[in-house]
Structure formats: C-alpha cells, structure tokens
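Single-structure report; data block below.
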C-alpha cells in the first residue's frame, strides 16, 4: 500500500526523488518480508539493508529504527487518510467525512493489490504482527495518538470550532480511531476469508461498525 499512497500524495518528482522513493519502498518491502518470515525480534537492520543491497547507513537515512520500518505501511496509509479527510466536502457530517476518507484509503489498497498481488495480504499480516509484538504495539499506539491529534485539528478546522473549548472534535476522533481498530481486529479474525474478500470486505466491516456506533453509544441495547 505504501507505493500507492506515496504516489497519491506526491507532487511531480525529479529523478533523484523518485530514486529515493524506490529505495524507501524497497526497504519497507524487505523489512516486512523478513519480519513476517523470521519474526520481528530476530530481524536486524543489517539484514534489511543487505536484502536491498544498501548499507546500514542508507537504512538510517530513511528510518530511525526497525520500528519505523515495520510501521511504515500503516503510517503511510494513515497519513493518506488524513490527507483525504482534508479534501472531503465541507457540507458532510464529520463522521460521514471520516468514513468516506478511510474507504478511499482502502480503495487505494485495492489498487496496490491489483498491481502487485500483496497489498491486502501484507496489510492483514502486518496488523497481526503489530498486535502480537509488544514493542511494535506500543510504538503504534504512540503513532495513533499523534495521528488522532491531526484528525482533531482537521475536524476543528472543518467545523470552525475551537478544540480546546469544544470537546466534539477530540471525542469524535478518539471514537473513530477506536472504531477503525475494532474493525481491523474483526477483519483479521476472518483469516483466509478476509484475504479473499480483499478491501471490499474491510470497507464492509468498517460500514457495519459505523452503522452500530449510534445505537451502541446512545441507543437502548434491549
């Protein structure tokens, strides 16, 4: 997904920038293959660099550590989600805008899947790896907190409210973040069926969670 997201976000690039992007993508792909085949803890930066035939020094030009490389695909996707949220029509309800933006991100994952056949499977496996690796899970939670703040700022700007005195942007951003994580977890439990359904299955799962949000928070359960 990282290639698709990067392409969607990027301005026209010169030859040098395109070469740097290809190197970064290659490092991410190599890191993910190694993490998934032999485990996160057993994989070293030297092994990742060697898989791309670059030096350890080159690796550290792109990533501060292994954690950043492991989270790169999902982090890129989340940045793309925020970018898409900024472009949603002002007349949309904030929840509707976030729902549409995250579906756009998954549609782009579908484009990556059609191109290289690995987009959906990689996202599924990476989500499982992060959940099962305490170090990665802690790093991802910190990243999610940073992204949530960006969403708060976007929502506040869209609705022309002050997020310091108006709690709605922060509450909605936190709630939607929890909703997406719940949808991801529900999707990964489907295993092979989730891979067969692809992004359409994930989009449907997110839609089910969005539909249940109101009744779960404010409706009668019986």
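Residue numbers (full-length UniProt numbering): 1 to 222.
Beta carbons: idealized from backbone N, C-alpha and C, even for Gly.
Evaluate residue i with the Cβ neighbour count: other Cβ atoms within 10 Å of its Cβ, from every protein chain shown; 16 or more gives buried, anything less gives exposed.
| i | result |
| --- | --- |
| residue 117 | Caution is warranted here: a pLDDT of 47 is assigned to residue 117, below 50, making its placement in the model unreliable, and no coordinate value can be reported. |
| residue 84 | buried |
| residue 19 | exposed |
| residue 101 | buried |
| residue 103 | buried |
| residue 141 | exposed |
Please report how far the alpha carbon of residue i lies from the alpha carbon of residue j, in whole angstroms.
| i | j | result |
| --- | --- | --- |
| residue 108 | residue 74 | 13 Å |
| residue 171 | residue 47 | 42 Å |
| residue 165 | residue 157 | 14 Å |
| residue 33 | residue 215 | 41 Å |
| residue 135 | residue 60 | 19 Å |
| residue 50 | residue 43 | 12 Å |
| residue 221 | residue 77 | 34 Å |
| residue 146 | residue 53 | 33 Å |
| residue 208 | residue 62 | 37 Å |
| residue 175 | residue 189 | 21 Å |
Look at residue i and residue j and say whether their C-beta atoms are less than 8 Å apart.
| i | j | result |
| --- | --- | --- |
| residue 28 | residue 72 | yes |
| residue 94 | residue 159 | yes |
| residue 127 | residue 184 | yes |
| residue 210 | residue 179 | yes |
| residue 31 | residue 70 | yes |
| residue 66 | residue 45 | yes |
So what does DSSP say about residue i, is it helix, strand or coil?
| i | result |
| --- | --- |
| residue 162 | coil |
| residue 213 | helix |
| residue 65 | coil |
| residue 152 | helix |
| residue 167 | coil |
| residue 117 | Note that residue 117 has pLDDT 47, beneath the 50 cutoff, so the model's placement of it is unreliable and no number is given. |
| residue 100 | helix |
Should residue i be flagged as near chain C, meaning a C-beta pair shorter than 8 Å?
| i | result |
| --- | --- |
| residue 45 | The question asks about chain C, but that chain is absent: this structure has only one protein chain. |
I'd like to confirm something about residue i: is its beta-carbon nearer than 7 Å to some heavy atom of the ligand GTP, or not?
| i | result |
| --- | --- |
| residue 199 | This structure simply doesn't include the ligand GTP, nor any ligand for that matter. |
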